[in-house]
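Have a look at the structure below before the remarks.
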Amino acid sequence: MFTISLDAPRLLRAARARAGLTQRALAKRARLAQPTIAAIESGKHDPRYRTLARLLAACDHELDIVRRAGQGVDRTQFKATLRLTPAERLRRAAEGARVLRRLRSAGRVT
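Going by our numbering, the sequence shown opens with residue 1255, and the numbers climb by one from there.
Right, here's the structure in full:
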């Protein structure tokens, strides 16, 4: 399972408005209860992907998931390492190797 990071309430309200639908009309099209739609639009309920896709389809829209390369990757450590001199990088690598050897000898890493 994965987490969808988007503003579902705003997305649904906008799609419903573009389709010219009331919450009641959308509920009828999507075969869901109107209070469910109200709860999603108010942010009180976080819909599952399938539910949101179903609601958007009822508004004549699609929900596509697109993976973007590098999104969600914390580059802080990469950037910090790149700022080091080659000698500093070598020292850190050697220290890491020493720590790994100690952990292996203690039986904590296989």
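Heads up, the beta-carbon is just placed ideally off N, CA and C, and yes, glycines get one too.
- Going by DSSP, R1356 is part of the alpha helix (DSSP H) stretching over P1340 to S1359.
- When A1334, Q1277, D1318 and K1282 are compared, the shortest CA-CA separation from I1294 is found for Q1277.
- Counting the other Cβ atoms within 10 Å of the Cβ of R1264 gives fewer than 16, which makes it exposed.
- Residue environment analysis places P1301 among the buried positions, since at least 16 neighbouring C-beta atoms fall within 10 angstroms of its C-beta.
- R1346 counts as exposed, since fewer than 16 other C-beta atoms from the protein chains shown sit within 10 angstroms of its C-beta.
- Restricting attention to A1273, L1306 and E1316, the CA atom closest to the CA of D1261 is found in L1306.
- The beta carbon of A1334 sits closer than 6 Å to none of the beta carbons in its chain outside the five residues before and after it.
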